[in-house]
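Residue numbers (our numbering): 68 to 178. Ideal Cβ placement from N, Cα and C applies to all residues, glycine included.
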């Protein structure tokens, strides 16, 4: 079982990220130069945290991705996904089974 989007949001706030965007599909969080999205549509939490595609390689050394990419027109701070038919923004989705696992990941990625 994965953390739900609201739980991911609480952990982000606990470690110093600040919400600066809210849409029906996402919460946008910033801490310094770092930016992540919480996928509000991830009811089961498997794709609740979405990171910038440029961080994919570094992230793979720390945690497995939930899928190759997550495409959404609301990820406006991330690049466009040009490989598909829809020209929407994309990020790399992750899911975490505990708050502690998410906190460790965030510390290693953005600490």
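Cutoff 6 Å; reference residue 178; Cβ partners in own chain excluding five residues on either side = By 1-based counting over the chain shown, the position of residue 178 is 111. For residue 178, where only same-chain residues beyond five positions count, there are no Cβ hits under 6 Å.
Cβ neighbour criterion (16 or more within 10 Å) applied to residue 126 = By one-based count along the chain shown, residue 126 stands at place 59. Result: buried.
C-alpha distance - residue 117 paired with residue 150, whole-angstrom precision = What you label residue 117 is simply residue 50 of the chain shown in a count that begins at 1. What you label residue 150 is simply residue 83 of the chain shown in a count that begins at 1. Distance between the alpha carbons of residue 117 and residue 150: 19 Å.
Member of 99, 165, 138, 109 whose CA lies at the smallest distance from the CA of residue 130 | Counting from one through the chain shown, the residue named residue 130 turns up at place 63. Checking every option, the nearest Cα to that of residue 130 belongs to 165.
Can you give me the start and stop residues for the alpha helix (DSSP H) that residue 79 sits inside?
-> The residue given as residue 79 occupies position 12 in the chain shown. DSSP places residue 79 in the uninterrupted alpha helix (DSSP H) bounded by 72-81.
For residue 93 versus residue 107, is the C-beta distance shorter than 8 Å?
-> Stepping through the chain shown from its first residue, residue 93 is reached at position 26. Stepping through the chain shown from its first residue, residue 107 is reached at position 40. Between residue 93 and residue 107, the gap from beta carbon to beta carbon is short of 8 Å.
Over what stretch of residues does the alpha helix (DSSP H) that includes residue 123 continue unbroken?
-> Along the chain shown, read from residue 1 onward, the residue named residue 123 stands at position 56. First-last of the alpha helix (DSSP H) with residue 123: 123-127.
How close, in whole Å, do the beta carbons of residue 72 and residue 112 come, if the pair is a contact with beta carbons under 8 Å?
-> Counting from 1 along the chain shown, the entry for residue 72 is found at position 5. Counting from 1 along the chain shown, the entry for residue 112 is found at position 45. At roughly 7 Å, the Cβ-Cβ gap stays under 8 Å, so residue 72 and residue 112 are in contact.
With a 10 Å radius around its C-beta and 16 neighbouring C-beta atoms as the bar for buried, classify residue 115 as buried or exposed.
-> Position 48 of the chain shown, counted from the start, is the residue given in the question as residue 115. Under this definition residue 115 is a buried residue.
Of the residues 139, 163, 83, the one placed nearest residue 156, counting alpha carbons only = Your numbering for residue 156 matches position 89 in the chain shown. Nearest option by C-alpha distance: 139.
Can you give me the start and stop residues for the beta strand (DSSP E) that residue 96 sits inside?
-> If you number the chain shown from 1, residue 96 lands on position 29. 93-98 is the extent of the beta strand (DSSP E) around residue 96.
For residue 68, three-class secondary structure by DSSP = Here residue 68 corresponds to residue number 1 of the chain shown, with the count starting at 1. Coil, per DSSP.
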